[in-house]
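With UniProt numbering, the residue at position 76 of the sequence shown is 76, and numbering never jumps.
All residues carry an ideal CB built from backbone N, CA and C; glycine is no exception.
Here the structure is a predicted model, which means the values were calculated and not measured.
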Amino acid sequence: MKRNIIIPLLIMTLVIFITLSGCSKKKPEVKEPNEKIEDTNEVVKEDENQKEKIMKNFKAIVESDNGPDAIIKYIEENIGKVSQLEGDKMISDLEKTQEKYLETYTDMLLDEDKESELMSISSEEIFFPEDKMKDIKNKELKEIVSKIFNSKYKLINLEGAYYPIIDYEKLKVYNNHITDEWKEYIAIKSIDSNEPAIIDAGLRITFDDLASRMIKIESFIKKYSEGQRYEEMLRWYGGYLKVYLGGTDNTPIADNNTKKIHDEVFDSYKRTSNMKNTVTSEIVSKYVSIIEDNNKIINDTVTSKITGLYNEAISLLEEHK
Numbered sequence: 001m002k003r004n005i006i007i008p009l010l011i012m013t014l015v016i017f018i019t020l021s022g023c024s025k026k027k028p029e030v031k032e033p034n035e036k037i038e039d040t041n042e043v044v045k046e047d048e049n050q051k052e053k054i055m056k057n058f059k060a061i062v063e064s065d066n067g068p069d070a071i072i073k074y075i076e077e078n079i080g081k082v083s084q085l086e087g088d089k090m091i092s093d094l095e096k097t098q099e100k101y102l103e104t105y106t107d108m109l110l111d112e113d114k115e116s117e118l119m120s121i122s123s124e125e126i127f128f129p130e131d132k133m134k135d136i137k138n139k140e141l142k143e144i145v146s147k148i149f150n151s152k153y154k155l156i157n158l159e160g161a162y163y164p165i166i167d168y169e170k171l172k173v174y175n176n177h178i179t180d181e182w183k184e185y186i187a188i189k190s191i192d193s194n195e196p197a198i199i200d201a202g203l204r205i206t207f208d209d210l211a212s213r214m215i216k217i218e219s220f221i222k223k224y225s226e227g228q229r230y231e232e233m234l235r236w237y238g239g240y241l242k243v244y245l246g247g248t249d250n251t252p253i254a255d256n257n258t259k260k261i262h263d264e265v266f267d268s269y270k271r272t273s274n275m276k277n278t279v280t281s282e283i284v285s286k287y288v289s290i291i292e293d294n295n296k297i298i299n300d301t302v303t304s305k306i307t308g309l310y311n312e313a314i315s316l317l318e319e320h321k
């Protein structure tokens, strides 16, 4: 009797279990995931369309001869919505526009500051402090200076007047939206815009500091040999190298009377020549030998070799391209 009752119950339980198992196996066949994929594709497509529209509008702004301030305003509103490569394009075009407007802003500044008000406010500073802009009494001059600062320039004191230069330190604000290549480029350029190597034909930094800057640029050139700023950085390196090897009018490498090389300069050459695996150290090492063979006297015998060493350095760097 019990057997007759238990067997039907087991059969019923088995049927229920199989039924439930069958239901659970059918769940993955629900088409909801496909619908989500389609939705994601639509979002991606809309995102790409938005980026394309942003860059199209940006191109129109640049080509309409707008000043740096207008370009900066658009960049700050939109750079977070595009890729890092597109961010590079924005900053590249901004820099080109800044370079283009340097002469315009210089003329505007000098025309309006005929009374040298900026120098009277801050004649001892290399850079005109932004916080002293409030002291400018000439309303038109203050507006020009404000426009210059808002366009990410700074004002540098050269031969008794202030002139605009690009403030690369301010461009670091875009670092989260650009590639490593552009971050490193801006970092190198900001070193000089923060502390210019040469002012009024005089070297303002030590020869060791100048060598350090050359090494940084050399590293950039080798790393980004196919980059957008390769040629510019190659010229930048070459300019530094010529100064490092030959000095400047107001910072000669040797005593004007004895023609003997200054100890601090020669010591810097020795330190640089001992660096490993750099074009800079290889070239400077050859220069050290030339100087030593000439009893540390800097005359035409030595200086006539600088052009050849410069050409060799550039050629060696170009081999990495």
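First and last residue of the uninterrupted beta strand (DSSP E) at residue i
i, result
"I71", "Run containing I71: none in the beta strand (DSSP E); it sits in the alpha helix (DSSP H), 68-78."
Buried/exposed call for residue i, threshold 16 Cβ in 10 Å
i, result
"K96", "exposed"
"D88", "buried"
"N157", "buried"
"R235", "exposed"
"D113", "buried"
"K110", "Residue identity differs from the one stated: residue 110 is Leu in this sequence, not Lys. When all chains shown are included, L110 counts as exposed."
"N4", "Reliability fails at N4, whose pLDDT of 42 lies under 50, so the model's placement of it is uncertain and no value is given."
"S64", "exposed"
"E32", "For E32, the predicted model reports a pLDDT of 48, less than 50, meaning its position is unreliable; a value from the coordinates is still stated below. By the 10 Å Cβ count, E32 comes out exposed."
"L94", "buried"
Short Cβ contact (8 Å threshold) for residue i with residue j
i, j, result
"P164", "T258", "no"
"S122", "F128", "yes"
"A201", "N256", "no"
Endpoints, the alpha helix (DSSP H) within which residue i is located
i, result
"Y269", "263-273"
"Y185", "180-194"
"S123", "That residue, S123, is in no alpha helix (DSSP H); it is neither H nor E in DSSP."
"M214", "207-223"
"T278", "Segment: none, T278 is in no alpha helix (DSSP H) and carries neither H nor E."
"V145", "139-150"
"G308", "306-318"
Beta-bridge partners of residue i, as assigned by DSSP
i, result
"A161", "L158"
"A254", "I261"
"T248", "T251"
"F127", "I156"
Other residues of its chain near residue i: CB distance less than 6 Å, five sequence neighbours each side excluded
i, result
"F149", "E130"
"N78", "I54"
"Y269", "V284, V288"
"L14", "Interpretation of L14 is limited by its pLDDT of 35, a score under 50 that renders its predicted location unreliable; the figure taken from the coordinates is listed afterwards. Around L14: no qualifying Cβ."
"K152", "D167, K170"
"K2", "A caution first: K2 carries a pLDDT of 39, below 50, which makes its placement in the model too unreliable to give a value."
Minimum Cβ-Cβ distance from residue i to chain D less than 8 Å
i, result
"K270", "Checking the listed chains, one finds no chain D in this structure; it contains a single protein chain."
Nonlocal neighbours in the same chain, by C-beta distance under 8 Å from residue i, ignoring five residues either side
i, result
"E195", "R204, I205"
"D263", "none"
"G246", "I253, T303, I306"
"H320", "I221, K222, S225"
Own chain partners of residue i with C-beta closer than 7 Å, once the 5 adjacent residues on each side are dropped
i, result
"D209", "none"
"E184", "F220"
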